[in-house]
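Below is one structure; the comments refer to it alone.
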Amino acid sequence: MSDGKEFYNLEINFPFCPKMEFYVSTNDLKNSPDAKASAPDFLVSYSRCRVGAIWKKTSKSNSEYLSCEIIAPMHSNGKLNFVLFPDRDVIGRFNVSYSEPMEKKPTEEEIPF
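The numbering of the sequence shown is our numbering, which starts it at -12 and goes up by one.
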């Protein structure tokens, strides 16, 4: 991304698939007056196309983590859902826990990109 914004590198390696490299940038519109309360904290891009979002969350035990959703046509559900927990030993590194997407409830909104 050459627009001068800070970004993070996100690499995903699945068995029998090529390594995928994504770029994560802060959602500058998150705190704008027109933003929805459910707006993501970060935006995920692949080859300059927006393909997902990341939200900051806090668990019941008061631990902070990141909840991620990435559009992935090669996956049977069409998207990847996973959480990132900060690594206790290495600052800036995260441990990943994958989860299958839940069935969408009729009252839920679409992802607010």
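Yeah, the Cβ is synthetic: ideal placement off N, Cα and C, and Gly gets one too.
The structure displayed is predicted, hence computed values, not measured ones.
Within the stretch 50 to 95, the complete beta strand (DSSP E) runs of at least 3 residues fall at 51 to 58, 66 to 73, 81 to 86. DSSP places Asn(-4) in the strand class (E or B) of the three-state scheme.
Taking a C-beta distance under 7 angstroms as the contact criterion, Val83 and Leu67 do not qualify as a contact pair.
Here Ser34 carries a coil assignment [DSSP, helix/strand/coil]. A Cβ-Cβ contact shorter than 7 angstroms links Pro27 with Trp42.
For Ser25, there is no enclosing beta strand (DSSP E), as DSSP marks it with neither H nor E.
Taking C-beta separations shorter than 6 angstroms and ignoring five residues to either side along the sequence, the partners of Leu(-3) in its chain run Phe9, Val11, following chain order. With respect to the 7 angstroms criterion, Phe69 and Tyr52 are not classified as neighbours on the basis of their beta carbons. The Cβ atoms of Lys44 and Ser54 lie closer than 7 angstroms to each other. At a Cβ-Cβ threshold of 7 angstroms, Ile57 and Gly39 count as neighbours. According to the DSSP assignment, Ser12 belongs to the beta strand (DSSP E) that extends over 7 to 13. Within a 10 Å sphere around the beta-carbon of Asn18 sit fewer than 16 other beta-carbons, which makes this residue exposed.
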